[in-house]
Amino acid sequence: MHLHHSCKSIFVFFILSPRQYNDCQRIDTRSGRGLGKKREERVKALFKIVDIKGAASAIKDGATVGITGFMGSACPEYLLKGIEDSFLEGGHPCALTMTHSPGIGDGKDRGMNHMAHAGLLKRVIASHYNLAPLLQAKVDSGEIEAYLLPQGTLCQLYREIGAGRPGVITKTGLGTFVDPRLEGGKCNALATRDLVEVVTLGGEEYLWYKSFPIDVAIIRGTSVDEHGNVSAEKETTLIDQLALAQAAKRSGGIVIVQAERVVAAGAINPRDVIVPGILVDYVVLSPAEYHYQNFGNQPYDAALAHEFRIPVDSIPILPMSDRKIIARRAAMELPRNAVINLGIGIPEGVSGVAVEEGFADQLTMTVEAGQIGGVPAAGAAFGGAYNPEFVPGMINQFDFYDGGGLDVCFLGAAEVDAMGNCNVSKFTRTVGPGGFINIASNTPKCVFCGTLTAGGLKTEVKDGRLVILQEGRNRKYVKQVKQVTFSGANAVKSGQKVLFITERAVFELDEEGIILTEIAPGIDLQTQVLDVVDFDVRVSSGLRTMDERIFREGKMGLEL
């Protein structure tokens, strides 16, 4: 692609309603002053002022549309709703292909849930659908052609598209359901395209994730200046805004930005520009209710935008529970000065244990959304971090992960089989791996965290012992996982150290599969472990008892 620049031919079109424009949001972020009458006249001369319908009308039927967002962070909610409204009112745009690398939604009706209408979407390529249950239902019913790819690889693919390269070639995903010899990332019968191929280079196997054109990039920022430069000072991190914008431009497409405000030219420090104005075609100024920092109840948390640092002891301590038991035992796998990643759910508890035990400063925690250092945020704010030392952005973070930069990762495990295969991506519904495959496949030490059974499991601790009050209805250690999201065989082949930590037992992976190495005090080996696993469990001849401190209130006194 060749960009021709001329002072007579650079135009930036901003899309706003007259009311939004007059309501002002025209603030110079350096001086705090309004733009002034003359400058407002100049802005009006440059801007093409249209409402949200103009943004939707810029998207052609059948277009491939890339969306930014991480759960609710950096999600262009106003634009997604505008596309939905336009389709419901007039039937356009329709038959879209949409792609997004992280999951986007609140588990109810926001984010990609807006796209769950017959005819609006033809195809979706993503890494996670569970946050968008309305869309997920369309995928599972076979109404929408759907694919799942690893989150990190998909966002890296946007970068390759923007550079005009044929795709991503990587070992990430080998032996998992994205391997075309298994499922090729195809989610239903409509999914017949081969997005991934096995290739051999230098006598070694790799997966080739193929590039595809992106016609429209829809991204989110905080401020846009008079030249169209975009900043993200109120966002928790950088996702894939620049890569998507470049991918769209390389494909001959357009870039639409959702932002909070317009500021004067020069008001944004060039170092703070995340997407330059030369890539921007349209901007929509969003009402505040569609521009929350994330999908939590708080519109904006300045600490998550790194305006200031907070005391780490202000982070709540986990109450005694299965989650805390597992997190405590997992924390015992931490080497001093380790660089780590924590998955969503139970693994998040490891950070709470580190804070409670007083060694959080001896660890470097990272978040896949693009944070290094500090303490990861939880819940709806997951993807952000308090007090990070560096915010490299999501794509750079996954480059680091894929290169083996982590010392240890802590991830969830919904299903495990005898050979150490794990499933976190498909059950009665199509969920997706998110960043799991990139992280689990490329980290030297992988610790899977989750209860042994699920569905009604009730436990308590008493005098340093674990008591099972009610067994879970669903067994998680099964004969065969429904989908391979982590390959035990590939892990053994690559020399990974792999553990499976539950509230009552610890398993490890070796050449023969998984083996039981630890059991909680108070637990009966036969009735409360072996009998609730669907396969014959090998038991180590040196079976150990889990540390009793794990099962007592108060600090453990754990040191690294």
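Using my numbering, read the sequence shown as starting at -17 and increasing by one per residue.
The C-beta atom is built at its ideal place from N, Cα and C for all residues, glycine as well.
Serine 68 carries a helical assignment under DSSP once its states are collapsed to helix, strand and coil. Counting the other CB atoms within 10 Å of its CB gives tyrosine 264 a total of 16 or more, which places it among the buried residues. With distances taken between CA atoms, asparagine 170 lies nearest to Lys104 out of Val463, Ile450, Lys104, Val357.
Closest by C-alpha distance to arginine 311, out of Asn456, Arg534, Val150, Gly44, is Arg534. Per DSSP, serine 469 is not a residue of any alpha helix (DSSP H), being assigned neither H nor E. Under DSSP, cysteine 428 takes part in a beta bridge, and its partners are Cys391, Val480. The DSSP-derived three-state label of serine 55 is strand. Here valine 266 really is in contact with isoleucine 238; their C-beta atoms are around 7 Å apart, less than 8 Å. Serine 205 is a Cβ neighbour of serine 213, given a cutoff of 8 Å. Annotation for arginine 520: Glu494, Gly495, Ile496, Ile497, Leu498 place their beta carbon closer than 8 Å to its own, counting only its chain and skipping 5 residues before and after. When Cβ pairs closer than 8 Å are counted between the two stretches, the region 40 to 51 is seen to touch the region 225 to 240, the count reaching three or more. At the C-beta level, leucine 345 and isoleucine 328 stay beyond 8 Å of one another.
Contact between the region 91 to 101 and the region 247 to 261 is absent: fewer than 3 CB-CB pairs across the two stretches fall below 8 Å.
The C-beta of glutamine 478 has 16 or more other C-beta atoms within 10 Å across all chains shown, which makes the residue buried. Restricting attention to Asp283, Ile421, Lys458, the CA atom closest to the CA of alanine 362 is found in Asp283. Under DSSP, lysine 408 forms a beta bridge with Thr412. The straight-line gap separating the alpha-carbon atoms of threonine 219 and proline 84 is approximately 13 Å.
Inclusion of isoleucine 354 and leucine 393 in the CB contact set at 8 Å is not warranted, their separation being larger than that value. According to the DSSP assignment, aspartate 529 belongs to no alpha helix (DSSP H), since it is labelled neither H nor E. Beta-bridge analysis with DSSP links methionine 347 to Ile322. Rounded to the nearest angstrom, the Cβ distance from histidine 288 to proline 370 is 7 Å, consistent with a contact under 8 Å. Taking C-beta separations shorter than 6 Å and ignoring five residues to either side along the sequence, the partners of lysine 408 in its chain run Lys464, Gln465, following chain order.
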